[in-house]
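Under our numbering, the residues of the sequence shown are numbered 5 to 195, in order.
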Amino acid sequence: RGNVEITFDDIINDEALNEIESEDADLKDFFQKIEIIKEDIGIIKINITNVDKQQNVILTSTTITTEQETRELLDQTMADISKRSQRTKRLLKEIKEGVEEDQENGDNSSHCRMKRCQFNALSLEFMDNMTRYNAIQELFRAKSKSRIKRQLNITKKTEVSDEELEEMLENKEPINIFTQGSQIQMMQNED
């Protein structure tokens, strides 16, 4: 075998090549995270719309069965939102830490600015969706309370305190005073 001569320029070029490969790997990892975040935000957005629809079905449901089935579906949808939002938060945090590290190192390259811009845009979109989700949840809770009060007033049941209403809402069982009353009457008639 022949002697291989390594020059100083070869060492410099290898270091530069390793640095470029490292930067490419960093950008590839960054874009993979961005794609996951975008996909999750898109699915969260769809799921939020589905939660709103499912909650409306529950509020207008006339049968316990329909309400139970819709609640099960609602629980699955909300669990998916929770799972995806946790992953999105984690990935956004990782990106933020990387951007902050770049800034602390004095990096103001186009890559750093692009990462910061992507982070800001996705964070804002994520927060907008989660704010909408929370508003939908609060509205559903208020409508559920109102529905229970209205049904109790119609059936001339005694006045229910806010604490009792909260207990009814925390209980994941369907709350339809009309159908519960008729089921109780049917059971009493059978005896």
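The C-beta atom is built at its ideal place from N, Cα and C for all residues, glycine as well.
Quick caveat: nothing in here was measured; it's all calculated off a predicted structure.
Could you check if I158 is buried or exposed, using at least 16 other CB atoms within 10 Å of its CB as the buried criterion? exposed
Would you report the Cα separation of E43 and E73, rounded to the nearest angstrom? 28 angstroms
Exposed unless 16 or more other CB atoms sit within 10 angstroms - verdict on F35: exposed
Is D111 helix, strand or coil by DSSP? coil
N112 and D84: beta carbons closer than 7 angstroms? no
Are at least three pairs of beta-carbons, each pair with one atom in the stretch 94-107 and one in the stretch 116-132, less than 8 angstroms apart? yes
Just the Cα atoms here: how many angstroms apart are I40 and E129? 14 angstroms
So is L143 buried or exposed if we call it buried at 16+ other beta carbons inside 10 Å? exposed
K87: which of I48, K149, E174 and R154 sits nearest, CA to CA? I48
If you compare alpha carbons, which of M118, S150 and A146 is closest to I38? M118
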